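**Q** Below is the structure I would like to discuss, written out as structure tokens.
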Amino acid sequence: MSQSAILPEATPLIRATSHWPDRSFRWLAIGAACMILLLIALVGWQLSRGAHLAMTAFGPGFLTSSKWDPVTDEYGAWPFIFGTLLSSFLAIVIAVPLGVATALFLTEMAPLRLRQPIVTLIEMLAAVPSVIFGLWGIFMLVPWLRDHLFQWIAHSWLGYLPFFKGPIYGVSMLAGGIVVAIMILPIITSVSREILRSVPNLQREAAYALGATHWEVIRIAVLSYAGRGIFGAAVLGLGRALGETMAVTMVIGNRPEVSASLFAPGYTLASVIANEFTEANSDLYISSLFELGLVLLVVTFLVNAAAQLMLRTLTGQGMGKIK
Amino acid sequence: MLHTKKILALALTGLVAVASASAQTLINGAGATFPAPIYTKWFSEYSKVDPTVTFNYQAIGSGGGQKQILAETVDFGASDGPMSDENLAKAPRALWHIPTVAGAVVISYNIPDSPKIKLDGETLANIFLGKITNWRDPAIVALNPGVRLPDIGIVVVHRSDGSGTSYIFTDYLSNVSADWKSKAGKGTAVSWPAGLGGKGNAGVAGQLKESPGSIGYVELIYAVQNKLPYADLKNASGNYITPTIESVVAALATATIPDDFRFSMVNAPGADAYPIAGVTWLLVYEQQKDPVKGQKLVEFLKWAYSDGEKMASSLDYAPLPDSVKERVLKRVGEIKY
Chain R
59 MSQSAILPEA
69 TPLIRATSHW
79 PDRSFRWLAI
89 GAACMILLLI
99 ALVGWQLSRG
109 AHLAMTAFGP
119 GFLTSSKWDP
129 VTDEYGAWPF
139 IFGTLLSSFL
149 AIVIAVPLGV
159 ATALFLTEMA
169 PLRLRQPIVT
179 LIEMLAAVPS
189 VIFGLWGIFM
199 LVPWLRDHLF
209 QWIAHSWLGY
219 LPFFKGPIYG
229 VSMLAGGIVV
239 AIMILPIITS
249 VSREILRSVP
259 NLQREAAYAL
269 GATHWEVIRI
279 AVLSYAGRGI
289 FGAAVLGLGR
299 ALGETMAVTM
309 VIGNRPEVSA
319 SLFAPGYTLA
329 SVIANEFTEA
339 NSDLYISSLF
349 ELGLVLLVVT
359 FLVNAAAQLM
369 LRTLTGQGMG
379 KIK
Chain P
49 MLHTKKILAL
59 ALTGLVAVAS
69 ASAQTLINGA
79 GATFPAPIYT
89 KWFSEYSKVD
99 PTVTFNYQAI
109 GSGGGQKQIL
119 AETVDFGASD
129 GPMSDENLAK
139 APRALWHIPT
149 VAGAVVISYN
159 IPDSPKIKLD
169 GETLANIFLG
179 KITNWRDPAI
189 VALNPGVRLP
199 DIGIVVVHRS
209 DGSGTSYIFT
219 DYLSNVSADW
229 KSKAGKGTAV
239 SWPAGLGGKG
249 NAGVAGQLKE
259 SPGSIGYVEL
269 IYAVQNKLPY
279 ADLKNASGNY
289 ITPTIESVVA
299 ALATATIPDD
309 FRFSMVNAPG
319 ADAYPIAGVT
329 WLLVYEQQKD
339 PVKGQKLVEF
349 LKWAYSDGEK
359 MASSLDYAPL
369 PDSVKERVLK
379 RVGEIKY
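Chains R and P, in that order, are what the protein sequence lines are.
In terms of my numbering, the first sequence opens at residue 59 and continues consecutively.
In terms of my numbering, the second sequence opens at residue 49 and continues consecutively.
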């Protein structure tokens with residue numbers, strides 16, 4: 059018997075069938091998918107419409123200007139773009155190693171009875187609202203950072219680097235990065251855990267058979283197999299980090315300034331929109347805030363695209379293809 | 049089967065009841081957050097006086113209040129800052145500012161032992177400009193002889209969100225310091241030359257509590273309710289005034305109030321006037337669209353200025369002095385419906 063007799067023929071997109079439940083379900087599914095694309099397009103269009111006034115008034119200089127003055131109606135997005143990118147980058151740098159290590163612990167090392175309770179605890183962390191993190195941040199984390207961690211960093215050899223200079227207020231870019239890292243930790247951990255669980259045991263057994271130690275097995279067999287999936291988890295976390303508003307605005311200091319020091323206060327795109335939108339009273343002001351929203355949308359897309367590109371160049375293959 | 053019939057019958061009677069209950073007049077308003085507590089109290093007290101009208105007020109911010117009354121999606125707006133000429137010109141017909149209550153902005157700080165300190169406009173402006181950076185600066189020491197000031201840096205805290213409180217405060221600073229006027233100016237949000245931003249009164253107060261050596265501004269009501277220390281300020285007559293409701297009423301009494309009621313009362317000339325105070329307005333059209341709603345609104349306003357104002361001080365708001373009340377009542381009487 060030939061292969062083609064056993065396997066069904068490739069089904070066309072819309073199967074010609076008079077069975078109405080099949081057809082209507084197919085249309086429903088296609089409709090739902092189109093709806094999502096339509097929503098994204100609508101959001102982009104609405105933002106562009108609202109931003110039109112500011113775009114014509116400031117042009118591309120809006121993206122590089124550091125002035126934000128509602129009294130003279132001059133606006134610029136650069137400090138916010140810088141703040142968003144830097145705080146998200148810090149969050150990823152802190153959260154990804156922690157998250158992957160936790161996922162590894164849960165899949166490779168934890169005793170079976172402990173796994174589910176720890177997983178539940180981590181998922182509860184994801185359920186905590188953003189504002190609670192902000193409150194905890196400003197009342198517990200920031201004083202501790204100001205009086206202990208930042209002092210320790212400033213007095214150690216790290217204090218010679220330009221990243222750790224300047225007066226220590228507690229509220230700072232680094233505090234923002236730490237709070238966001240705690241918030242994206244659950245998503246990175248759970249997705250990484252799923253990825254690591256999907257690594258076939260055959261890979262691990264093969265590595266053991268070749269005489270690898272526990273860490274070597276993890277490094278060679280597990281992490282390299284799961285690399286792309288873990289990268290995907292990091293990108294998911296980054297997506298959440300870029301948009302995080304309430305927790306960040308409470309601990310980042312809300313100062314639209316670009317500074318090399320991580321101890322200096324900063325500002326992010328999402329925070330300034332949340333803070334100033336309700337009271338914005340001139341058309342150019344509102345339009346500039348819309349333009350900031352548009353910039354945030356574009357930055358999110360660009361970062362995701364850059365991540366995909368990086369993935370493609372590093373592994374030589376696209377996402378979704380089986381190794 | 050019987051159950052579904054019963055539920056259906058109940059639902060129908062419910063619908064009919066709701067339909068008949070809407071013989072009530074509903075008046076919608078939106079705007080400033082600062083007077084929201086006193087407005088809420090007025091609305092609930094007034095429903096006892098006139099049960100046929102209910103008010104629905106959404107505290108979405110002064111900017112939102114101005115936008116909504118211009119778009120006529122609400123029957124009245126509320127704003128902590130007066131509308132700019134540019135915005136007022138967008139109104140389809142004459143839009144009036146009706147002042148209701150006033151409040152003060154106090155300067156709170158966090159220094160060890162929380163001594164009572166005195167400040168004046170120039171020094172305050174220089175602190176917020178970032179020119180004075182230490183509590184032992186000669187300017188502060190000169191104003192506070194005998195007070196043990198710590199040798200620590202000043203951390204300035206301001207509002208990160210746009211607010212009427214910021215408007216009153218920056219209005220005062222622009223009034224007393226030409227340097228501030230050119231560098232930052234006045235507005236619900238400005239480009240702050242120095243300092244950290246906290247969201248809302250709560251954000252600023254939280255920041256103040258957690259940062260030794262910090263100084264910031266909050267509403268008087270908020271400072272009193274949260275037991276924050278605040279400074280005495282030098283007013284235009286040269287006296288150091290502790291912010292209280294009486295000092296705000298004194299400022300109101302001596303402020304110059306033009307015919308359209310859009311005025312600033314910072315740095316008022318009275319001997320007992322507290323210099324950083326401001327009034328909040330209701331925004332109503334001269335010609336009301338709906339005669340029934342218009343009549344109810346005017347009746348409510350007349351009640352507010354005769355009986356409502358008496359409730360203001362219990363909630364730590366300053367009521368309007370009689371001279372101003374008379375003028376406002378006359379204006380309210382001119383609203384056409």
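C-beta atoms are modelled at their ideal positions from N, C-alpha and C, and glycine is treated no differently.
For clarity, every value in this text was computed on a predicted model and none was experimentally measured.
(1) Comparing alpha-carbon positions, which option in P:Tyr220, P:Thr290 and P:Leu349 lies nearest Ser312 (chain P)?
(2) Would you check if the distance between the CB atom of Met241 (chain R) and the CB atom of Glu315 (chain R) is smaller than 8 angstroms?
(3) Buried or exposed: which applies to Tyr218 (chain R), given that a residue is buried once 16 or more other Cβ atoms fall within 10 Å of its Cβ?
(4) List the residues of chain P that Ala225 (chain R) touches, going by C-beta distances under 9 angstroms, in chain order.
(5) Would you call the CB atoms of Leu243 (chain R) and Ser146 (chain R) closer than 8 angstroms?
(6) Do Leu162 (chain R) and Ile276 (chain R) come within 8 angstroms of each other at the CB atom, strictly closer than that value?
(7) Give the secondary structure of Arg298 (chain R) by DSSP, where H, G and I count as helix, E and B as strand, and everything else as coil.
(8) By the three-class DSSP mapping on this structure, what secondary structure does Thr102 (chain P) have?
(9) What did DSSP end up calling Val97 (chain P) once you bin it into helix, strand or coil?
(10) Helix or strand or just coil, what does DSSP make of Thr326 (chain R)?
(11) Are the C-beta of Glu334 (chain P) and some C-beta of chain R separated by less than 8 angstroms?
(12) Does the Cβ-Cβ distance between Gly113 (chain P) and Ala137 (chain P) come in under 8 angstroms?
(13) Using three-state DSSP, classify Phe124 (chain P) as helix, strand or coil.
(14) On the three-pair Cβ rule with 8 angstroms, is the stretch 343-358 of chain P touching the stretch 95-106 of chain P?
(15) Would you list, in sequence order, the uninterrupted beta strand (DSSP E) runs of no fewer than 3 residues that lie entirely inside the stretch 315-370 of chain P?
(16) Would you call Phe197 (chain R) buried or exposed, if buried means 16 or more other Cβ atoms sit within 10 Å of its Cβ?
(17) Considering just the uninterrupted stretch of the alpha helix (DSSP H) at Ala239 (chain R), what are its terminal residues?
(18) Any Cβ of chain P within less than 8 angstroms of the Cβ of Gly378 (chain R)?
(19) Among P:Leu74, P:Ile180, P:Gly254 and P:Thr52, which has the Cα closest to the Cα of Lys344 (chain P)?
(20) To the nearest angstrom, how far is the alpha carbon of Glu120 (chain P) from that of Asp308 (chain P)?
(21) Closer than 7 angstroms, Cβ to any Cβ of chain P: which residues of the stretch 324-338 of chain R, in chain order?
(22) By DSSP's criteria, Gly77 (chain P) is part of a beta bridge. Which residues make up the other side?
(23) Ignore the nearest five residues each way along the sequence and tell me which others in Lys379 (chain R)'s own chain have a CB closer than 7 angstroms to its CB.
(24) Which residues share a DSSP beta bridge with Trp126 (chain R)?
(25) Ignore the nearest five residues each way along the sequence and tell me which others in Gly129 (chain P)'s own chain have a CB closer than 7 angstroms to its CB.
(26) Can you tell me whether DSSP reads Ser222 (chain P) as helix, strand or coil?
(27) By DSSP, does Asp205 (chain R) sit in helix, in strand, or in coil?
(28) Between Tyr45 (chain P) and the rest of its own chain, which residues show a CB-CB distance below 6 angstroms, the 5 nearest in sequence each way excluded?
(29) Would DSSP call Ala168 (chain R) helix, strand or coil?
(30) What are the boundary residues of the beta strand (DSSP E) that Arg280 (chain P) is part of?
(31) Closest by CA to Pro277 (chain P), which one among P:Val340, P:Leu268 and P:Trp329?
(32) Using 10 angstroms around the beta-carbon of Thr326 (chain R), count the other beta-carbons present and answer buried if the total reaches 16, otherwise exposed.
(33) Could you check which residue in P:Gly243, P:Asn283, P:Gly251 and P:Met131 has the C-alpha nearest to that of Glu170 (chain P)?
(34) Rounded to a whole number of angstroms, what is the C-alpha to C-alpha distance between Leu167 (chain P) and Leu352 (chain R)?
(35) Report the rounded CA-to-CA distance for Trp273 (chain R) versus Val257 (chain R), giving the unit in angstroms.
(36) Using a Cβ-Cβ distance cut-off of 8 angstroms, determine whether Phe197 (chain R) contacts chain P.
**A** Working from what's here:
(1) P:Tyr220
(2) no
(3) exposed
(4) With the sequence shown as reference, residue 225 (chain R) is identified as Pro, and Ala is not the correct amino acid for it. Correct list: Gly201 and Val203.
(5) no
(6) yes
(7) helix
(8) strand
(9) helix
(10) coil
(11) no
(12) no
(13) strand
(14) yes
(15) 325-333
(16) exposed
(17) Met231 to Arg255
(18) With a pLDDT of only 46 at Gly378 (chain R), under 50, the local geometry of the prediction cannot be trusted, and the value read off the model is given with reservation. Judged by the 8 angstroms Cβ criterion, Gly378 (chain R) is not in contact with chain P.
(19) P:Leu74
(20) 20 angstroms
(21) Asn333, Glu334, Thr336, Glu337 and Ala338
(22) P:Tyr105 and P:Phe124
(23) In this predicted model, Lys379 (chain R) has a pLDDT of only 43, less than 50, meaning its place in the structure is not dependable enough to derive any value.
(24) R:Tyr133
(25) Ser110, Gly212, Tyr215 and Thr236
(26) helix
(27) helix
(28) Chain P is shown only over 49 to 385; residue 45 (chain P) falls outside these bounds and no answer can be derived.
(29) coil
(30) The amino acid occupying residue 280 (chain P) in the given sequence is Asp; Arg does not appear at that position. That run of the beta strand (DSSP E) goes Asp280 to Lys282.
(31) P:Leu268
(32) buried
(33) P:Asn283
(34) 44 angstroms
(35) 16 angstroms
(36) yes
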